[in-house]
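Engineer:
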Amino acid sequence: MFSKLSKLLVTFPLILILTSFQFNTNKSSHFSYGNFVGLSPSKIETLFSYDEIIIDASYYSKEQIKTLHDNNVKVYSYLNIGSLEKFRDYYDNFSNLIIESYENWEDEGWIDVTNISFQNFILNDLSKSFIDKGIDGFFIDNMDVYSIKANEATFNSLTYMLKELNSKYNKPIIINNGYDYVEEALRLNIDIRELFYGMNKESVFTSYDFEKNKPIKNSKEETDFLLQYLNNMSHNGINIYIIEYSKSKSFTKKLHNYYENTSYSVYVSPRISLD
355 MFSKLSKLLV TFPLILILTS FQFNTNKSSH FSYGNFVGLS PSKIETLFSY DEIIIDASYY
415 SKEQIKTLHD NNVKVYSYLN IGSLEKFRDY YDNFSNLIIE SYENWEDEGW IDVTNISFQN
475 FILNDLSKSF IDKGIDGFFI DNMDVYSIKA NEATFNSLTY MLKELNSKYN KPIIINNGYD
535 YVEEALRLNI DIRELFYGMN KESVFTSYDF EKNKPIKNSK EETDFLLQYL NNMSHNGINI
595 YIIEYSKSKS FTKKLHNYYE NTSYSVYVSP RISLD
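Numbered per this note's numbering, the sequence shown spans residues 355 to 629.
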């Protein structure tokens with residue numbers, strides 16, 4: 355239903371710097387959050403004007419992350435716990451666990467998160483490698499695997515991984531999307547604040563048309579539903595982060611005017627590649 359975070363860093367190494375209308379000039383504003391999972395480390399200076407950023411720490415050195423800290427930037431690393439991408443160096447180790455193809459992302463498949471070996475790799479190897487580089491927190495993607503395989507085993511496995519990441523590393527966790535998982539957690543009266551610190555929602559006022567390869571506006575009904583959902587999450591003590599997609603300066607300005615009256619951290623990108 356919604357676009358997911360891109361991994362175009364691997365396939366498009368020559369990456370463009372984000373355009374100037376993304377409100378990255380004032381670190382005190384709501385727009386001091388940026389999501390750069392597709393940004394090449396060679397463009398690291400682009401990130402210095404942000405308070406909080408999302409990167410894929412797989413491609414950054416410990417020294418580069420220290421440079422970000424020296425510029426007062428808080429660094430979350432992308433961590434994919436619900437799907438498997440072909441370009442990852444560990445793909446062959448777990449490709450047999452793919453349970454379904456991933457719509458709009460042909461190089462990726464949803465994975466069986468109940469597999470113990472996969473869980474151990476995420477919790478003890480991949481996440482630790484990011485911690486060793488000095489990251490400040492995790493940005494967890496593809497919690498929506500629960501929407502693909504909505505059963506107790508999948509729910510419990512995702513919950514286990516969130517709890518283990520919290521207990522092992524004591525770093526804040528932001529989850530990306532994950533609507534069905536979160537609704538199930540609330541139905542079970544689980545205190546979601548013990549699982550994650552923040553929630554990132556892609557595409558509230560906007561979405562992305564993959565066929566036409568451009569941002570589009572959501573319907574009013576869709577936007578109203580999502581705004582109410584995020585308001586409920588905020589009242590549950592969850593910090594809200596948002597990614598919108600827009601190439602229109604005038605519409606981006608409208609987004610800016612709306613969100614500056616909220617407590618949300620917002621990033622507006624003209625491209626799905628988040629570079």
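Glycine included, C-beta positions come from ideal geometry on N, C-alpha and C. Note that the coordinates shown come from a computational prediction; the quantities given were computed from them, not determined experimentally.
Starting from Tyr432, trace the beta strand (DSSP E) in both directions and tell me its first and last residue.
Structural biologist: Walking along the sequence shown from the start, residue 432 turns up at place 78. Element bounds for Tyr432: Lys428 to Asn434.
Engineer: Measure the Cβ-Cβ separation of Phe390 and Leu628 and say whether it is below 8 Å.
Structural biologist: Locating residue 390 in the sequence shown gives position 36, counting from the first residue. Locating residue 628 in the sequence shown gives position 274, counting from the first residue. In contact: Phe390 and Leu628 (Cβ atoms closer than 8 Å).
Engineer: Can you look up Thr468 in the DSSP assignment and give me helix, strand or coil?
Structural biologist: Along the sequence shown, one-based indexing puts residue 468 at 114. Residue state, collapsed to three classes: coil.
Engineer: Please check the pair Leu422 and Leu401, which I expect to be a contact at CB under 8 Å, by giving their CB distance rounded to whole angstroms.
Structural biologist: Position 68 of the sequence shown, counted from the start, is the residue given in the question as residue 422. Position 47 of the sequence shown, counted from the start, is the residue given in the question as residue 401. With a Cβ gap of about 6 Å, Leu422 and Leu401 count as contacting.
Engineer: So, is Asn510 buried or exposed, given that buried needs 16 or more other C-beta atoms within 10 angstroms?
Structural biologist: Taking the sequence shown and counting its residues from 1, the one referred to as residue 510 is at position 156. That one is exposed.
Engineer: Here's a check: name, in chain order, each residue in its chain whose Cβ is nearer than 6 Å to the Cβ of Tyr414, leaving out the five neighbours to either side.
Structural biologist: In the sequence shown, counting from the first residue as 1, residue 414 sits at position 60. For Tyr414, where only same-chain residues beyond five positions count, the Cβ hits under 6 Å are Pro395.
Engineer: Using alpha carbons as the reference points, say which of Asp443, Asn593, Leu451 and Gly552 lies closest to Ile470.
Structural biologist: As a first step, residue 470 must be located in the sequence shown, where it is residue number 116. Nearest of Asp443, Asn593, Leu451 and Gly552 to Ile470, Cα basis: Leu451.
Engineer: Which first and last residues belong to the alpha helix (DSSP H) in which Leu542 is found?
Structural biologist: Counted from its first residue, the sequence shown places residue 542 at position 188. Neither: Leu542 is in no alpha helix (DSSP H) and is coded neither H nor E.
Engineer: Can you name the start and end residues of the beta strand (DSSP E) that Lys566 belongs to?
Structural biologist: Position 212 of the sequence shown, counting from 1, holds the residue named residue 566. Neither: Lys566 is in no beta strand (DSSP E) and is coded neither H nor E.
Engineer: Taking its Cβ as the centre, do 16 or more other Cβ atoms sit within 10 Å of Arg625, making it buried, or is it exposed?
Structural biologist: Against the sequence shown, residue 625 aligns to sequence position 271. That one is buried.
Engineer: Quick one: measure Cβ to Cβ for Val427 and Asp405, integer angstroms, because I've assumed they're closer than 8 Å.
Structural biologist: Taking the sequence shown and counting its residues from 1, the one referred to as residue 427 is at position 73. Taking the sequence shown and counting its residues from 1, the one referred to as residue 405 is at position 51. Contact flag correct, Cβ pair sits at about 7 Å.
Engineer: DSSP three-state call for Tyr533: helix, strand or coil?
Structural biologist: The count along the sequence shown starts at 1 and reaches residue 533 at position 179. Here Tyr533 sits in helix by DSSP.
Engineer: Where does Ile489 sit, in a helix, a strand or coil, going by DSSP?
Structural biologist: In the sequence shown, the residue the question calls residue 489 occupies position 135. If DSSP states are grouped into helix, strand and coil, Ile489 belongs with coil.
Engineer: Helix, strand or coil for Val622? Go by DSSP, reduced to three states.
Structural biologist: What you label residue 622 is simply residue 268 of the sequence shown in a count that begins at 1. Note: Val622 maps to strand in three-state DSSP.
Engineer: On a CA-only basis, which of Asp443, Asn530 and Phe484 is nearest Asn593? Give me that one, please.
Structural biologist: Indexing the sequence shown from 1 puts residue 593 at position 239. The option with the nearest alpha carbon to Asn593 is Asn530.
Engineer: Are the beta-carbon atoms belonging to Val499 and Val536 less than 8 Å from one another?
Structural biologist: In the sequence shown, residue 499 corresponds to position 145, counting from 1. In the sequence shown, residue 536 corresponds to position 182, counting from 1. Taking 8 Å as the Cβ cut-off, Val499 and Val536 do not qualify as a contacting pair.
Engineer: Helix, strand or coil for Leu628? Go by DSSP, reduced to three states.
Structural biologist: To locate residue 628, count along the sequence shown from 1; it is residue 274. Here Leu628 sits in coil by DSSP.
Engineer: By a C-beta neighbour count over all protein chains shown, 10 Å radius and 16 as the cutoff for buried, is Ser619 buried or exposed?
Structural biologist: Taking the first residue of the sequence shown as 1, we reach residue 619 at position 265. Under this definition Ser619 is a buried residue.
Engineer: Cα separation between Gly655 and Leu580?
Structural biologist: One cannot answer for residue 655 here, as it falls past the ends of the chain, which runs 355 to 629.
Engineer: Consult DSSP for Ser415 and reduce its assignment to one of helix, strand or coil.
Structural biologist: Counted from its first residue, the sequence shown places residue 415 at position 61. Here Ser415 sits in coil by DSSP.
Engineer: Taking only three categories from DSSP, how would you classify Lys319?
Structural biologist: No answer is possible for residue 319: the residues shown for the chain start at 355 and end at 629.
Engineer: Per DSSP, what are the beta-bridge partners of Asn474 in this structure?
Structural biologist: On the sequence shown, position 120 is the one that residue 474 refers to. Per DSSP, none; premise fails for Asn474.
Engineer: Count the other C-beta atoms from every protein chain shown that fall within 10 angstroms of the C-beta of Tyr444, then say buried if there are 16 or more, exposed otherwise.
Structural biologist: Counting from 1 along the sequence shown, the entry for residue 444 is found at position 90. That one is exposed.
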